[in-house]
Amino acid sequence: MDHAARMAGWLHYLSDEKRFPKTRQVEFDLVLGSNGKQFRTRSIEVVRFVKLLDEAKS
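Using UniProt numbering, you'd call the opening residue of the sequence shown number 1 and step up by one each time.
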């Protein structure tokens, strides 16, 4: 997981030490939309997981 995140550019070196921050995998139960309601997997609107990650990062 860490390697894939580094390759995607989501993890960056800490200053000049050439080391990455510590990460860990977490589980989550649900993802909420901007309206505060739960995303439904069978809803008409499809949101790519990568877009959710990018939005969470910013």
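In this text, a Cβ means the ideal position worked out from N, Cα and C, and glycines have one as well.
Here the structure is a predicted model, which is why all the values come from computation and not from measurement.
V31 is not a Cβ neighbour of L14, given a cutoff of 8 Å. Annotation: the continuous alpha helix (DSSP H) that includes K57 extends over F49 to K57. A direct Cα-to-Cα measurement between M7 and G36 gives close to 32 Å. In this structure, A5 sits near T23, with a CB-CB distance shorter than 8 Å.
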